[in-house]
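Chemist: The structure that follows is given in the form of structure tokens.
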Amino acid sequence: MGQPDEEYYSADDAVAAFDALSNEERNKLARVARFIAGSSGFPSPDDLINEAYVRIADGRRRWPRGHGFTSFVAGVMKSLRSDGAFVTDERKVVRLDQGFAIVTSEDLQMVAANDDDGDLARKAIIEDAISKLEEHFADDDEMMLLLMGIQEGMIGKDLQEAVGVDAKRLEALRTRLKRRIDNLADDYRAKEGLA
Numbered sequence: 011m012g013q014p015d016e017e018y019y020s021a022d023d024a025v026a027a028f029d030a031l032s033n034e035e036r037n038k039l040a041r042v043a044r045f046i047a048g049s050s051g052f053p054s055p056d057d058l059i060n061e062a063y064v065r066i067a068d069g070r071r072r073w074p075r076g077h078g079f080t081s082f083v084a085g086v087m088k089s090l091r092s093d094g095a096f097v098t099d100e101r102k103v104v105r106l107d108q109g110f111a112i113v114t115s116e117d118l119q120m121v122a123a124n125d126d127d128g129d130l131a132r133k134a135i136i137e138d139a140i141s142k143l144e145e146h147f148a149d150d151d152e153m154m155l156l157l158m159g160i161q162e163g164m165i166g167k168d169l170q171e172a173v174g175v176d177a178k179r180l181e182a183l184r185t186r187l188k189r190r191i192d193n194l195a196d197d198y199r200a201k202e203g204l205a
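Heads up: the sequence shown is residues 11 to 205, going by the numbering used here.
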């Protein structure tokens, strides 16, 4: 494994890349921030961008050399949704029965009790698949926005607006995503001996 400075850009490089963002790239990041903040219980888009910048500038989040900068910043903002140090206990969001709910700290034990082993195994498979999809499409802003939109349950015009494409382009992106999901499913079946 290489040295950390071979795998990541320095915080100074990341700050310089942030400062050098074009208007188009800044607009993309603002759209991602609005998208993430659009779900209830999350901080404002400005808070997401500011916190991502702070964490990148002080070196807590390091920019991997193999990833584009805007995709990296979008990933940092997305990760803030589940960061307990950024989102207070009273505003944490959990998945309950295929939906999302904001829970208070008193409710967290009840949430843990509702997770049985079957549900946990399914969640682990889904989370692994989503991680692989995010990694595969890390440098593709449209596909990352599509993934986020689908995870938020968006469909139709809402999804089209969130991704920032017309209906024809959205269909092309969905086809690409479906192909990648089919490949992951084939890999999983082969790994489990189900193929």
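Each residue gets a CB set at the ideal place from its N, CA and C atoms; glycine is no exception.
1) Look at the alpha carbon of N33 and the alpha carbon of A67, and state the distance between them as a whole number of angstroms.
2) Looking only at C-alpha atoms, which of N37, G78, R65 and E152 sits nearest to T185?
3) With DSSP as the reference, label Y63 as helix, strand or coil.
4) What separation, rounded to the nearest whole angstrom, lies between the Cα atoms of A27 and E202?
5) Let's see if you can read the secondary structure: which residues bound the alpha helix (DSSP H) around M87?
6) Just checking my contact of A148 with S89 at CB under 8 Å: how many whole Å lie between their CB atoms?
7) If distances are taken between C-alpha atoms only, which option among L155, H146, K167 and R72 comes closest to R189?
8) What do you reckon, is the C-beta of F82 under 7 Å from a heavy atom of the ligand NAD?
9) Alpha carbon to alpha carbon, what distance is there between L155 and I223?
10) For Y18, which residues does DSSP report across the bridge?
11) Give me, in chain order, the residues of the same chain whose beta-carbon lies closer than 8 Å to that of D168; leave out the 5 immediate sequence neighbours on both sides.
Modeler: So, to answer that:
1) 20 Å
2) E152
3) helix
4) 43 Å
5) F79 to S89
6) In fact, because the Cβ distance is near 13 Å, the residues do not count as touching under 8 Å.
7) H146
8) Of the ligands one can find in the structure shown there are none, so the ligand NAD has no counterpart to examine.
9) Any question about residue 223 goes unanswered here, given that the chain covers just 11 to 205.
10) P74
11) G159
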